[in-house]
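Colleague: Have a look at this one before I ask anything.
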Ligand SMILES: Cc1cc2nc3c(=O)[nH]c(=O)nc-3n(C[C@H](O)[C@H](O)[C@H](O)COP(=O)(O)OP(=O)(O)OC[C@H]3O[C@@H](n4cnc5c(N)ncnc54)[C@H](O)[C@@H]3O)c2cc1C
């Protein structure tokens, strides 16, 4: 249904080939602009390719969609090109008529506990990315007793996939009540129907084990006037693998950009504090951190860039 308009002679750099960057690049190309789309990874698709669980986007869906989007023409793709390492934002602003940043959230929050670097602990997003790229799922090691800390989609995806890979006991531990979980009721049911136990109102307070992980001690907590307060009761879960899914944050912030709540501050359709630079998707403040909103923000920024570039 989409056709490329005659070339406008304008060039736009799009950084990040995730849902936001792809939507922006496609819309700009459709409007006749020339787009250079760069991504630090060797493959495009962003979290559609490396993050969202395989059962949600099966059979190469992300790459098929990518090929379809690029089919509009006018988009040059540069994989393995990282903003901040291979090119600076200043250089992009100088070389292009506009820049769109769809960087996603490259950093993960770490567990603030002694021994959090020991074997058996890893960020859930790394585990999920490994699963998405694995040629042989049976070759991926998974614990016998798995604990996942967190309450969002990432926690559910790591927990369900641990069960599917053969883990005997999988527990999601979340610090607040079920109604506060980032994972929807549907996803919570999905986890439960795969034999995942969800424990709420619990925070990990100690990791134990000689060398690797053997058990995790939790404190029960409840919301009080001063935030989450310990009830005084504790319990221990045996665990040989622990996945942390306690949030992601912006990786390296490109120079000169104002932030808000740890993300790139934007106004209107993704205008950042730097003239000529737009941002959208997970890296931009105020969004819902969902694929559909990332796509909408990429498209809306493209329309705003187009308006700015064609203004007489
Ligand atoms: C485990 C997990 C499960 C999820 N499940 C769902 C779900 O079921 N439904 C849903 O709607 N949403 C889900 N989400 C959220 C959804 O994946 C994101 O909201 C969406 O991918 C955001 O798109 P984006 O383009 O902003 O960022 P991303 O998809 O993260 O893409 C960012 C891209 O930018 C590239 N990049 C980053 N930094 C640089 C740099 N310096 N230079 C060059 N390139 C760079 C990255 O390599 C990446 O390709 C999930 C997220 C996770 C982590």
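In our numbering, the protein residues as written are 41 to 352. Yeah, the Cβ is synthetic: ideal placement off N, Cα and C, and Gly gets one too. Quick caveat: nothing in here was measured; it's all calculated off a predicted structure.
Please look up how many angstroms separate the CB atoms of residue 278 and residue 254, rounded, as I've assumed it's under 8 Å.
Modeller: 7 Å
Colleague: Can you tell which of 88, 193, 104, 130 has the C-alpha that lies nearest to the C-alpha of residue 287?
Modeller: Looking only at 88, 193, 104, 130, the smallest Cα-Cα distance to residue 287 is reached by 193.
Colleague: Please find out if some non-hydrogen atom of ligand 1 comes closer than 7 Å to the beta-carbon of residue 286.
Modeller: no
Colleague: I'd like to confirm something about residue 70: is its beta-carbon nearer than 7 Å to some heavy atom of ligand 1, or not?
Modeller: no
Colleague: Less than 7 Å between C-beta atoms, sequence neighbours within five positions excluded: which residues of the same chain meet that for residue 137?
Modeller: 50, 51, 52, 349
Colleague: Using CA atoms only, rank isn't needed, just tell me which of 58, 197, 263, 179 is closest to residue 145.
Modeller: 58
Colleague: Any idea if residue 214 is buried or exposed, counting beta-carbon neighbours within 10 angstroms, 16 or more meaning buried?
Modeller: Residue 214 is classed as buried because its beta carbon has at least 16 other beta carbons within 10 Å across all chains shown.
Colleague: Please say whether residue 305 and residue 325 have beta carbons closer to each other than 8 Å?
Modeller: yes
Colleague: Report the three-state DSSP secondary structure of residue 295 (helix, strand or coil).
Modeller: coil
Colleague: Is residue 168 near ligand 1, going by C-beta to nearest heavy atom under 7 Å?
Modeller: yes
Colleague: Do residue 283 and residue 148 count as a contact pair if the criterion is CB distance below 8 Å?
Modeller: no
Colleague: Within 7 Å: the Cβ of residue 149 and any heavy atom of ligand 2?
Modeller: Of the ligands one can find in the structure shown, namely ligand 1, none is ligand 2.
Colleague: Of the choices 62, 47, 336, whose alpha-carbon is the least far from that of residue 309?
Modeller: 336
Colleague: Does any heavy atom of ligand 1 sit closer than 7 Å to the C-beta of residue 292?
Modeller: Yes, since a heavy atom of ligand 1 falls inside the 7 Å radius drawn around the Cβ of residue 292.
Colleague: Cβ of residue 64 within 7 Å of any heavy atom in ligand 1?
Modeller: No, the beta carbon of residue 64 sits no closer than 7 Å to any heavy atom of ligand 1.
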